[in-house]
Every structure is written in structure tokens, then in C-alpha cells.
Amino acid sequence: MTVRTRFAPSPTGYLHIGGVRTALFNWLFARKHGGQFILRIDDTDQGRNQPEALQPILDGFKWLGLDWDEGAEVGGPYGPYYQSQRLDRYQAAVKTLLDKGLAYWDYATPEETKAEMQAAEKVKLPKIYSRRWMAESAADRARFEAEGRTGSVKIKMPREGVCKFYDHVRKDVEVAWAGEQDIVIQRSDGTVTYNLANVVDDYDMKITHVIRAEEHLSNTPRQIFMLEGLGYPRPEYAHVPFVAEPGSKNKLSKRKIAKYLENNEFKKVYDHAKAIADRIGVCTAPEAFNPVLVDFYKQVGYLPAAVLNYLVLLGWATADNREEFTLAQMVNEFSLDRVVQNPASLDVKKLFAFQARYMQALPVAEKVELATPFLTRAGLPAEREFVARVVEAAGPRMTVAGDILDYDYLFLSDEQIAFDAAVATKHLTAAYKGAPAVPALKDALAKLRAVVASAEPFAHDTLKAATEALATTEGAKAGPLSQVLRVAATGREVGFSAYDTLAVLGRDRCLARIDRALRSLDHDAHS
RNA sequence: GGCCCGUUCGUCUAACGGUUCAGGACGACAGGUUCUCAACCUGUAAGUGGGGGUUCGAUUCCCCCACGGGUCACCA
137 MTVRTRFAPS
147 PTGYLHIGGV
157 RTALFNWLFA
167 RKHGGQFILR
177 IDDTDQGRNQ
187 PEALQPILDG
197 FKWLGLDWDE
207 GAEVGGPYGP
217 YYQSQRLDRY
227 QAAVKTLLDK
237 GLAYWDYATP
247 EETKAEMQAA
257 EKVKLPKIYS
267 RRWMAESAAD
277 RARFEAEGRT
287 GSVKIKMPRE
297 GVCKFYDHVR
307 KDVEVAWAGE
317 QDIVIQRSDG
327 TVTYNLANVV
337 DDYDMKITHV
347 IRAEEHLSNT
357 PRQIFMLEGL
367 GYPRPEYAHV
377 PFVAEPGSKN
387 KLSKRKIAKY
397 LENNEFKKVY
407 DHAKAIADRI
417 GVCTAPEAFN
427 PVLVDFYKQV
437 GYLPAAVLNY
447 LVLLGWATAD
457 NREEFTLAQM
467 VNEFSLDRVV
477 QNPASLDVKK
487 LFAFQARYMQ
497 ALPVAEKVEL
507 ATPFLTRAGL
517 PAEREFVARV
527 VEAAGPRMTV
537 AGDILDYDYL
547 FLSDEQIAFD
557 AAVATKHLTA
567 AYKGAPAVPA
577 LKDALAKLRA
587 VVASAEPFAH
597 DTLKAATEAL
607 ATTEGAKAGP
617 LSQVLRVAAT
627 GREVGFSAYD
637 TLAVLGRDRC
647 LARIDRALRS
657 LDHDAHS
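Position one of the first sequence corresponds to residue 137 (our numbering), numbered consecutively onward.
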């Protein structure tokens, strides 16, 4: 039998990181066993669906490299793969259940149902519907409808016995049928609910392994009841722990972003990405730009391999507790039996650490490829050779592709660089600390200009040697002196090595910028 | 509230019932390196929720408790 797994997102928002983790497990299991992975769209709840919210989900999967054999966009032999197009199948299933006496028409109003549930809770009894408004015959239905009630269809759960099933993560599970509620399977408007649709779809699409989040464990008995009533075979189950929010075991929710931002480490990762997003203009509301959503990582230039590697370890580990996995290795080594039983909190800082490691290992040419679109979107020139030089010099400082924008001052025109005399003076003072006197900034700059003008070849080592030589004759320290040079050439105090910075910029641009700095000093002196 | 699931450093986790001061990773902290910022190197602190059993021996098996979570009301 071919293994077939599925992931069924609702197009109600962007691709949730917890959802991706579950999808990844499904994908991995299917690939490992040479089976198929299906991407079905659970859009039964028309009210909450936004068609425009499906595309980012598909894009997210494509970006991660999680391909699907059947489903949205690609179709397949067991379609349609959109629940909204499968109503006839569901209605047929509801009819079968009704005909077999395993479901019934019910005429309780939402208020009446609510009242019963609240009463049950008050006296500490299980919340089981009394079936007071159950219609057992056509006459009953007519009577209720004459009262102006509209009916829904509820599943008629057994009131005795136990439901047993095996779960690849939870092992043997046993639940008393008596505790299971008669849930609505067809709403009064004729649409069906998740549990019914899910059972029908999994059967129609020949799903063999239902791998889903733990929150569905409690849904399993009633799904088993329905599928057996329908005469379907049972799939195998694996309920994986959900992904919890940072620092707690609550289920991760994209709506609680404001709360997560109170966490310092979470905020650091967010702010880093936000700065990039602001530069390229993707940033909209926090609702859409959110570390809980995969799109966040895609937007600022994380590597899919790093995200996937982090995610696979959220609830799964090998016996040797290794941490680095390529996608192929994951496929090879994945096993449901080694899925952890407890929820794992999302730790974006650790994800960031994976990203840093993966990025460091990436060849310069590939980094250039990834960084270029960020420059372009920020309106900066992105000449290939030059970008490569910057990327090379930045080395491990570039953690995500968008970090190239940290070096925007290398791409801006010389006129756009603002020289800050006060900052330069600060470093100059530091350079001459201990020396008899600190020279005027203008004089120091002139001497540094000579270093830049004469270094041959114009490269890190010669610039360093010349600056050090100057420092020696001046009785100053070369380090802070190079900072003066950096400030003059870039307008910044931080970046990669000052000498590398000059070398990347090239002699002409360095001189032009230093000259501009000198002129600004003249200007200040005259005004 | 009923039912169900879970509980190893702050976080992710490893540990055939016995090679263990309970191991690794991220983070934190300290030091080294250093022209700034990173990176890198070295080191330190940090954990089996509590109580009972079973056993020669429990992180591991059983029970109770506590805590956390999920689910049940026309969301998926």
C-alpha cells in the first residue's frame, strides 16, 4: 500500500510556522516511504475564508521546497482538492449517516444549546447534549419547523463502550464513548463542519496516515465513529505536539505577537527583520509581518534549509541528538516513533542561530544571488562584481540576505555620505590618547588622505601597514585612527574591517569622500 | 466542569531499568582574540515538578498529587 499523507490548511491567513512543522512531518513521512503528499484546502467555513490568503500559503510551501503531488494548483486523480467544491460528497455522507440512524436532525437553537452546556458545567457533569430537540421522525421535523426552528444535523454518538485506537506518537489511546458529544456535522445553512468533511476527504483521497497536531487527538474518536459508520477503513494516526509560544506551553498564535514582543530575544529577531523590511517596503501591519508566519522569514532573506532544519527539531530528534540535517537526511532518518510527546516552544533565537550557520556555509556567489534583490528593492545599484566584494568582506556578519542593506553606505553615491566631525573627533582623540597633543581633525584627515592616496596596491594589507606606519610616526594608535578613516569614508562607526571597507570602495571613491569631509570642515570653519 | 494529553537546564532535546558528577545545542555569563561590529576559541552557571511504591538499582515502570495544555458550545 502506498503511503499517502496530507496537509490541509485553511486559507484564513498566512502560513503558520506550527502548521509548517506539521506539514513537514507529513511531507517527510511520505517521501521517506516513497508515497504521496497531498495539499488539500480546507475552506468549508466560507465566512472566514479569504481567497487572496491562499497564494501566500502556496508560495510558502514552494519557497521551503515542500512539493505536493496532488492538491491545490496541481490537481490529481482524487479531486477536487478544495473542500468548498466537495459539498455533494459531504451531503451524501450526511445522508448515509442519517439513513443508518447514526446522525439525526436537531432543532435546538444556539441559545438553548449554550444554556444546556452552561448548566452542565455548573453541576460538574460532562457536557453531553440531552437530545431534547432531536427529531426522530418526519413528523417531529415538521413540528419543530412549524415552530419556526431550523434544523442542523448532529452525529448520534454511542452512550456506552470505549473507543480504542493506536497513535504512533501517543501509543494506545482509549476513550469512553459516553463522554463524546453529539457534534453538529451539517449546519443549519446546509454546509458541513470540519470533522465530517475531514473524514470524507481523507477517505476519498486515500489518505493512509493522518499526521496532525495534538489538538485533534480529541476529535479522533468522533471521526472514527463517523468513518466506521460510513464503512471506511481507518487510517493510521499520529498526533504530534503543537508548537507552543515562546516561553510558555500555550498554543502559538499569530494574534499574540504583541505579547511575544515583550520577550527580549523574540524582539531582537523581530527588530532585525523589521529594519530590513522597512528598507524594502514590505512591512505592513504587524499582523502580516510576524515571526509566527513563514512569510516573515522569506521576506527578509532567511534560507529555507535553515528554517526547515530548525523546524524538524521542534518535536523530533534522532537517538544521537544530532542537529544538522539537510532535507535529504531528514527524509532518510525521519520516523514518527521518535516524535516527542510534549509541546515545543518556538525559539526564534535558535532559528536565527541555524540561519547564521547555514548562511556562513553558503558560497559567496549564492549570497550575491540572494542579496541582489534586496539592494534593487531598496533602490540601490547592484553591480554583480561589487556586490560580491561586499559580501565577501562582510563574511559572517551577513546572517540573512537582507543584511546586505547594513552596507548601504557602500552602494550610495559619495554625495549621499554625511560626514560627522564630532564622531571623527571622538576617534581621533582616542587615537592620540597618551600622546602629548591631539592634532586638528583637518590635519589628521589630510595625513590619512595621503595614506589612501599612496597605498599600493590599494588593498587591506597595504592600507593597514601604511596606517600603522603613520600611527607610529605620530605616536598614535592605529586602531582608532582607522576608525577616523572609516567615518570619513562611510559616515559610520561600525562595519567590517575599516581597511577592507576602503579596499572595497576603491581608491577614487575613498578620496572623493575624504575630500568631501575635508571640504565640510572648511565650510564649518568659514561659517 | 467532564474527558484526553503532557511534565529532563531559561529554550530545543539525548540517555536498552544499570557505561553518566544526567550528555549536546541555542541563549546567558566570564575570559581570549581584535581597528568598530560580528565571527572565532576557551571556560562557567543552569535540569529530571512533588510524594509514594515496584526493583539490588529508577530520568526511565506503576499510583496519587500539583502544574501546564488540548478538547467539548453551528471554527478548522
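We put the CB at the ideal spot given by N, CA and C, even for glycine.
Using the beta-carbon count (16 or more within 10 Å), is residue i buried or exposed?
{"i": "Gly207", "result": "buried"}
{"i": "Glu381", "result": "buried"}
{"i": "Arg279", "result": "exposed"}
{"i": "Lys503", "result": "buried"}
{"i": "Gly631", "result": "buried"}
{"i": "Leu261", "result": "exposed"}
{"i": "Met137", "result": "exposed"}
{"i": "Lys292", "result": "buried"}
{"i": "Pro371", "result": "buried"}
{"i": "Ala229", "result": "buried"}
{"i": "Lys263", "result": "exposed"}
{"i": "Pro145", "result": "buried"}
{"i": "Lys258", "result": "exposed"}
{"i": "Ala569", "result": "Per the sequence shown, residue 569 should be read as Lys rather than Ala. Answer is exposed; the Cβ neighbour count stays below 16."}
{"i": "Asn426", "result": "buried"}
{"i": "Ala275", "result": "exposed"}
Keeping to the same chain, check which residues put their C-beta closer than 6 Å to that of residue i; ignore five residues upstream and five downstream.
{"i": "Tyr265", "result": "Asp318"}
{"i": "Thr286", "result": "Ser324"}
{"i": "Phe594", "result": "Arg643"}
{"i": "Ala333", "result": "Thr180, Gln219, Tyr226"}
{"i": "His596", "result": "Tyr635, Asp636, Ala639"}
{"i": "Val346", "result": "Pro371, Tyr373"}
Give me the Cα-Cα distance between residue i and residue j, rounded to the nearest whole angstrom.
{"i": "Trp269", "j": "Glu248", "result": "9 Å"}
{"i": "Leu164", "j": "Trp204", "result": "11 Å"}
{"i": "Tyr243", "j": "Leu234", "result": "15 Å"}
{"i": "Pro575", "j": "Leu511", "result": "39 Å"}
{"i": "Lys403", "j": "Ala394", "result": "10 Å"}
{"i": "Gly538", "j": "Ala639", "result": "22 Å"}
{"i": "Glu364", "j": "Thr232", "result": "12 Å"}
{"i": "Tyr396", "j": "Leu444", "result": "22 Å"}
{"i": "Ile174", "j": "Lys600", "result": "59 Å"}
{"i": "Pro147", "j": "Val335", "result": "19 Å"}
{"i": "Asn468", "j": "Lys342", "result": "24 Å"}
{"i": "Asp224", "j": "Pro216", "result": "11 Å"}
{"i": "Thr608", "j": "Ala530", "result": "28 Å"}
{"i": "Tyr438", "j": "Val527", "result": "16 Å"}
{"i": "Lys250", "j": "Val379", "result": "30 Å"}
{"i": "Leu647", "j": "Thr626", "result": "12 Å"}
{"i": "Glu592", "j": "Arg645", "result": "16 Å"}
{"i": "Gly284", "j": "Asp340", "result": "37 Å"}
{"i": "Ser384", "j": "Arg295", "result": "37 Å"}
{"i": "His408", "j": "Asp483", "result": "15 Å"}
Identify the continuous alpha helix (DSSP H) that holds residue i and give its terminal residues.
{"i": "Ile153", "result": "153–168"}
{"i": "Ile291", "result": "Looking at the DSSP string, Ile291 is not in any alpha helix (DSSP H); the run it does join, the beta strand (DSSP E), is 288–291."}
{"i": "Val376", "result": "From DSSP, Val376 is part of no alpha helix (DSSP H) but of the beta strand (DSSP E) over 372–376."}
{"i": "Glu257", "result": "246–258"}
{"i": "Tyr226", "result": "223–235"}
Closer than 7 Å by C-beta to residue i: which residues in its own chain qualify, once you throw out the five before and the five after it? Chain order, please.
{"i": "Leu429", "result": "Tyr150, Leu151, His152, Ile153, Lys390"}
{"i": "Trp241", "result": "Ala271, Arg277, Gly287, Val289"}
{"i": "Thr356", "result": "Phe301, Tyr373"}
By Cβ distance, which residues of its chain are closer than 8 Å to residue i, with the 5 residues on each side in sequence left out?
{"i": "Val475", "result": "Phe161, His304, Val305, Ala374, Val376, Pro377, Gly451, Trp452"}
{"i": "Leu581", "result": "Ala560, Val620, Ala624, Ile650, Ala653, Leu654, Leu657"}
{"i": "Thr329", "result": "Thr180, Ile319, Val320, Ile321, Gln322, Arg323"}
{"i": "Thr603", "result": "Leu584, Val587, Ala614, Leu617, Ser618, Leu621, Tyr635"}
{"i": "Val309", "result": "Lys300, Phe301, Tyr302, Asp303, Leu353, Thr356"}
If you follow the beta strand (DSSP E) that residue i is in, where does it begin and where does it stop?
{"i": "Arg140", "result": "140–143"}
{"i": "Arg348", "result": "345–349"}
{"i": "Trp241", "result": "239–242"}
{"i": "Ser618", "result": "Careful: Ser618 lies outside any beta strand (DSSP E), inside the alpha helix (DSSP H) at 614–626."}
{"i": "Glu310", "result": "307–312"}
{"i": "Asp303", "result": "298–303"}
query: Would the segment 547–564 and the segment 511–518 be scored as touching if the rule is three or more Cβ pairs under 8 Å?
result: yes
- prompt: Are three or more beta carbon pairs between the segment 250–264 and the segment 207–226 nearer than 8 Å?
  reply: Output reads no: the segment 207–226 does not touch the segment 250–264.
The segment 164–173 / the segment 455–474 touching (three or more Cβ pairs under 8 Å): yes
- prompt: Is there contact here, the segment 482–490 with the segment 194–203, by at least three beta-carbon pairs under 8 Å?
  reply: Counting C-beta pairs with one atom in each stretch, the segment 482–490 and the segment 194–203 have fewer than three that are closer than 8 Å, which means they do not touch.
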